[in-house]
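Residue numbers (the numbering used here): 1 to 372.
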């Protein structure tokens, strides 16, 4: 049936990798080809074998070994697009961000419409806390496929970090349009609504998230944060305890529980919660203004004034319009010698509370200003 091939097998005229390629129909090279062509096909075949070996290492989480083999595969076959992408992914796992970035950018040059590359670039930039670039590349991905809810989620998170809350809300609305029972999207939207000072709608979203997923420790934790901001100590404790029963390991939930217990006069229990919080990763490895503000409240309760002020400063660096942090920092400054700083903080807090229609807290600030 294949006389040329049989002859080659008998006389060993073709290298066996090329012979296999011919039999599988993956080679367009004539049977009687140049030695250079035969050598090229043999190198390509070897590159595939090395690539597969690299994949095995990747799956076993030997990311450095995988990078080395992907690099060898590319030396054997420089146009091996899949090897470029796989090496980029392995480098991302190793947090070798500059080289991962170079690989992903190379892939875009070859295939500028590969949605997956834009997704991975987004993750890379987010890992480096470059939230503006994250928004850029998630947008590129969504321009090519508008149904990627995980990409909307990443863009919403990046926009939240940038303080672009209205645009983050649009992303969460889009996720819920595509997936109306996405519990985590309700949590994300609730968080943004709370940052905008819309507490009633934030509470609605937290409640809906927990209706959809009663075992969401994240929803309980952040609803606890909302209730703490509203001054509801007992409700805050209930949510903190629920989150902890669901094995939440966020320092935030223990600081919240400690603050509520301190507010209720339970000093020993508060101290135990603070000690537990200090043993956990702060802010899940990427603290935001809420983490700093809640820890600042804890440090205020522990009479660690300098440390508390430093945390309030950081919370307000991340979100200059954080009314609750301005109120707390202003109150703490008023107890010391920085009366001018206290007055500036409280006046700004009053303005923000009035702007969102929160007359209760605005009156609290006005009373402090009168005392000052």
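Note that CB positions come from ideal geometry on N, CA and C, so glycine has one too. In this text, all values refer to a predicted model and were calculated from it rather than measured experimentally.
Pull up the distance between the alpha-carbon of residue i and that of residue j, whole angstroms please.
{"i": "residue 71", "j": "residue 146", "result": "33 Å"}
{"i": "residue 205", "j": "residue 176", "result": "11 Å"}
{"i": "residue 280", "j": "residue 240", "result": "15 Å"}
{"i": "residue 270", "j": "residue 167", "result": "38 Å"}
{"i": "residue 91", "j": "residue 231", "result": "46 Å"}
{"i": "residue 32", "j": "residue 149", "result": "Reliability fails at residue 32, whose pLDDT of 48 lies under 50, so the model's placement of it is uncertain and the value that follows must be treated cautiously. Spanning the two alpha carbons is a distance of roughly 52 Å."}
{"i": "residue 181", "j": "residue 212", "result": "7 Å"}
{"i": "residue 89", "j": "residue 56", "result": "14 Å"}
{"i": "residue 215", "j": "residue 245", "result": "10 Å"}
{"i": "residue 51", "j": "residue 64", "result": "14 Å"}
{"i": "residue 134", "j": "residue 125", "result": "5 Å"}
{"i": "residue 275", "j": "residue 209", "result": "30 Å"}
{"i": "residue 366", "j": "residue 328", "result": "14 Å"}
{"i": "residue 261", "j": "residue 113", "result": "54 Å"}
{"i": "residue 101", "j": "residue 59", "result": "21 Å"}
{"i": "residue 362", "j": "residue 242", "result": "31 Å"}
{"i": "residue 268", "j": "residue 257", "result": "12 Å"}
{"i": "residue 137", "j": "residue 156", "result": "13 Å"}
{"i": "residue 339", "j": "residue 364", "result": "17 Å"}
{"i": "residue 179", "j": "residue 139", "result": "19 Å"}
{"i": "residue 273", "j": "residue 282", "result": "14 Å"}
{"i": "residue 105", "j": "residue 93", "result": "17 Å"}
{"i": "residue 41", "j": "residue 49", "result": "13 Å"}
Just checking my contact of residue i with residue j at CB under 8 Å: how many whole Å lie between their CB atoms?
{"i": "residue 248", "j": "residue 217", "result": "4 Å"}
{"i": "residue 87", "j": "residue 103", "result": "6 Å"}
{"i": "residue 73", "j": "residue 47", "result": "4 Å"}
{"i": "residue 221", "j": "residue 192", "result": "Not confirmed; about 16 Å, so no contact."}
{"i": "residue 326", "j": "residue 349", "result": "4 Å"}
{"i": "residue 301", "j": "residue 259", "result": "7 Å"}
{"i": "residue 315", "j": "residue 298", "result": "Rounded, the Cβ-Cβ distance is 13 Å, inconsistent with contact."}
{"i": "residue 76", "j": "residue 43", "result": "5 Å"}
{"i": "residue 195", "j": "residue 172", "result": "Contact flag wrong, Cβ pair sits at about 12 Å."}
{"i": "residue 97", "j": "residue 127", "result": "7 Å"}
Between residue i and residue j, is the Cβ-Cβ spacing less than 8 Å?
{"i": "residue 225", "j": "residue 290", "result": "yes"}
{"i": "residue 110", "j": "residue 81", "result": "yes"}
{"i": "residue 334", "j": "residue 352", "result": "no"}
{"i": "residue 122", "j": "residue 151", "result": "yes"}
{"i": "residue 69", "j": "residue 197", "result": "no"}
{"i": "residue 141", "j": "residue 119", "result": "yes"}
{"i": "residue 332", "j": "residue 346", "result": "no"}
{"i": "residue 255", "j": "residue 277", "result": "yes"}
{"i": "residue 250", "j": "residue 284", "result": "yes"}
{"i": "residue 219", "j": "residue 187", "result": "yes"}
Going by C-alpha to C-alpha distance, which of the options sits closest to residue i?
{"i": "residue 235", "options": "203, 250 and 215", "result": "203"}
{"i": "residue 371", "options": "110, 342, 243 and 74", "result": "342"}
{"i": "residue 287", "options": "312, 305, 265 and 96", "result": "312"}
{"i": "residue 305", "options": "362, 330 and 321", "result": "330"}
{"i": "residue 317", "options": "133, 53, 127 and 161", "result": "161"}
{"i": "residue 154", "options": "58, 131 and 244", "result": "131"}
{"i": "residue 355", "options": "344, 367 and 321", "result": "321"}
{"i": "residue 144", "options": "96, 367 and 116", "result": "116"}
{"i": "residue 189", "options": "169, 178 and 137", "result": "169"}
{"i": "residue 158", "options": "186, 185 and 129", "result": "129"}
{"i": "residue 78", "options": "93, 303 and 45", "result": "45"}
{"i": "residue 265", "options": "95, 294 and 233", "result": "233"}
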